[in-house]
Amino acid sequence: MLISPSILSADFANLQAELARIATADWAHVDVMDGHFVPNLTLGLPVVERLVQVSPVPIDAHLMIEDPDRWAPVYAELGAKSVTFHIEAARDPRMLARTLRAEGARASMALKPATQWAPYEELLPDLDMVLVMTVEPGFGGQSFMADQLPKVRAVRDSVRRHGGEVWIQVDGGVSAATIEQCAEAGADVFVAGTAVYNADDAAANIERLRVLAAE
Ligand code: DX5
Ligand code: ZN
1 MLISPSILSA
11 DFANLQAELA
21 RIATADWAHV
31 DVMDGHFVPN
41 LTLGLPVVER
51 LVQVSPVPID
61 AHLMIEDPDR
71 WAPVYAELGA
81 KSVTFHIEAA
91 RDPRMLARTL
101 RAEGARASMA
111 LKPATQWAPY
121 EELLPDLDMV
131 LVMTVEPGFG
141 GQSFMADQLP
151 KVRAVRDSVR
161 RHGGEVWIQV
171 DGGVSAATIE
181 QCAEAGADVF
191 VAGTAVYNAD
201 DAAANIERLR
211 VLAAE
């Protein structure tokens, strides 16, 4: 089980210090938004390259961008340990996942709330993680969508059937109030932005989430 705090809720003027606050986490989740695939714009390659260099934990890059076939491999090349592209934006997801692995990253595919899992089940052998969005991508601090839990269960069932080690990530509205339902549905990688950064003691928040997810 992994906790991956989202720095979308951190102070963007002090990202190195904000990463240091989550040194007890497993990964640091970095939301790359291009203002096209989602209606918000965050940061891109040059910033992520520096975050990789200064982060105490591996970078988990979540790419909410158009043309991931072109850009996602570059994030892997510069050292992001997990790279997530959105299936809604990918042209050749199988080839892209294979390229990410060849670049040394874990290959991960994300599904927006309206996107069903079943059509993509056949991609599982080429994936290391599936991200089930539990909010509409674009912004932190939104309410958790419990109606996405059946999708988490469906992905978990597929992973059981196919075998292999594929992690299931949930992202959006994950907090002390919602993380247990996610774990129960079969998620094992938990992204939390607001729930980690919106208090002085980020380490205590991480620990609380870890304990709840393990119950
Ligand atoms: C939303 C991002 C999330 C976001 C989660 O598009 O992908 O990673 O930062 O933030 P919270 O945990 O506040 O919902
Ligand atoms: Zn994210």
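The numbering of the sequence shown is this note's numbering, which starts it at 1 and goes up by one.
Cβ atoms here follow ideal geometry from the backbone N, Cα and C, with glycine treated the same way.
> Would you say Arg98 and Asp126 are within 7 Å of each other, going by their C-beta atoms?
Replying inline: yes
> Counting by C-beta, which residues lie closer than 6 Å to a heavy atom of the ligand ZN, in chain order?
Replying inline: Ser6, His29, Asp31, His62, Asp171, Val191
> Just checking my contact of Leu212 with Ala185 at CB under 8 Å: how many whole Å lie between their CB atoms?
Replying inline: About 14 Å; that fails the 8 Å criterion.
>> Relative to the C-alpha of Leu78, which candidate in Ser175, Ala20, Ala61, Gln181 has its C-alpha closest?
In response: Ala61
>> Any contact between the stretch 93-110 and the stretch 24-31? By contact I mean 3 or more CB pairs, one from each, below 8 Å.
In response: no
> Closest by CA to Asp92, which one among Ala105, Gly104, Ser158, Met109?
Replying inline: Met109
> Within 6 Å: the Cβ of Pro113 and any heavy atom of the ligand DX5?
Replying inline: no
>> Going by the DSSP bridge assignment, what does Arg98 pair with across the sheet?
In response: None; Arg98 has no bridge partner.
>> Is Gly173 a contact residue of the ligand DX5, with contact defined as CB to any heavy atom under 6 Å?
In response: yes
> Where Met64 and Val32 are concerned, what is the direct C-alpha to C-alpha distance, given to the nearest angstrom?
Replying inline: 6 Å
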